[in-house]
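So the sequence shown is numbered by my numbering: it starts at 14 and just counts up by one.
Right, one structure below, let's go through it.
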Amino acid sequence: MADGDADPLAEFEYPAEKLVLTDRQAEVLALRERGLTQAEIADRFDTTRANVANIESSARDNAEQARNTVAFLELLDPPVETEIEAHTSLFDVPPRVYSACDEADVKVNSSAVELVEEVRSSVADAIEDNILKRPIRVYVTERGDVRIAAGNSSGSS
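Laid out in structure tokens, this is it:
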């Protein structure tokens, strides 16, 4: 670094080589998290603010792809997968999810209100007047994260 400051990644347990980010991307995100502006980072690295903006944008895109990849991998074999039938009240979804999670000994990270909102935002086109028009599938990862997908009309619970 231009001014001899300490490595911004030194305090973190994950060295950049274990991340999907380049060293520079990781440094930029760490410095931004500490409150530095892109202009301040550009001065520190003796580059332009536009270059720092591009590095930050690429880093955030890479991070989003990594999160999506993890979410995909978690859904390949989730400990909880339950189908909620068509004609079910939206407000009956959380107890059914909690019951399935209890059977699998998985703790859900969402309250009942959050589960209802997750269903609404994930499969809004499958809901009419707070009733499911078609079945949905609810997946819960080992970490308790919930994923929801529209099911098909011929599946079973």
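Ideal placement from N, C-alpha and C gives every residue a C-beta, glycine not left out.
Every value quoted in this text rests on a predicted model; they were computed, and no experiment measured them.
Taking the continuous beta strand (DSSP E) assigned at A163, which residues delimit it?
-> For this step, residue 163 is matched to residue 150 along the sequence shown. Note, A163: beta strand (DSSP E), V159 to A163.
Alpha-carbon to alpha-carbon, N143 and L88 | Position 75 of the sequence shown, counted from the first residue, corresponds to residue 88. Position 130 of the sequence shown, counted from the first residue, corresponds to residue 143. It is roughly 26 Å from the alpha-carbon of L88 to the alpha-carbon of N143.
Status (buried if at least 16 other CB within 10 Å, exposed otherwise) for L34 = Taking the sequence shown and counting its residues from 1, the one referred to as residue 34 is at position 21. Flag for L34 reads buried.
Residue range of the unbroken beta strand (DSSP E) whose run includes R150 = Here the question's residue 150 lines up with position 137 in the sequence shown. From DSSP, the beta strand (DSSP E) with R150 extends over I149 to V153.
Quick one: what's got a C-beta closer than 7 Å to D118's C-beta in the same chain, skipping five residues either side?
-> Taking the sequence shown and counting its residues from 1, the one referred to as residue 118 is at position 105. Result list for D118: empty, nothing under 7 Å.
Within the chosen definition, does the region 81–99 reach the region 59–67 through at least 3 CB pairs nearer than 8 Å?
-> With a cut-off of 8 Å, the region 59–67 and the region 81–99 do not count as touching, because too few Cβ pairs lie within range.
What is the residue span of the alpha helix (DSSP H) that T101 lies within?
-> The residue labelled residue 101 in the question sits at position 88 within the sequence shown. Neither: T101 is in no alpha helix (DSSP H) and is coded neither H nor E.
Looking at the structure shown, is L86 part of a helix, part of a strand, or coil, going by DSSP?
-> Looking up residue 86 in the sequence shown gives position 73. Looking at L86 - three-state DSSP - the assignment turns out to be helix.
Decide if P148 is buried, meaning its Cβ has at least 16 other Cβ atoms within 10 Å, or exposed.
-> For the purposes of this step, residue 148 is identified with residue 135 of the sequence shown, where counting begins at 1. Result: buried.
L42 by DSSP, collapsed to three states: which one?
-> Taking the sequence shown and counting its residues from 1, the one referred to as residue 42 is at position 29. The answer is helix: DSSP assigns L42 an H, G or I state.
Beta strand (DSSP E) segment containing V93, residue limits = Position 80 of the sequence shown, counted from the start, is the residue given in the question as residue 93. That run of the beta strand (DSSP E) goes V93 to I97.
Give a yes or no on whether the C-beta atoms belonging to L128 and V106 are separated by under 8 Å.
-> Stepping through the sequence shown from its first residue, residue 128 is reached at position 115. Stepping through the sequence shown from its first residue, residue 106 is reached at position 93. In this structure, V106 lies closer than 8 Å to L128 by Cβ.
Based on the DSSP output, what are the partners of E141 in its beta bridges?
-> Residue numbering aside, residue 141 sits at position 128 when the sequence shown is read from its first letter. When DSSP reads this structure, E141 sits in a beta bridge with I144.
Determine the DSSP secondary structure at S123, reduced to helix, strand or coil.
-> Numbered from 1 along the sequence shown, position 110 holds the residue referred to as residue 123. Three-state result, S123: coil.
Span separating the alpha-carbon of A175 from that of A39 | No answer is possible for residue 175: the residues shown for the chain start at 14 and end at 170.
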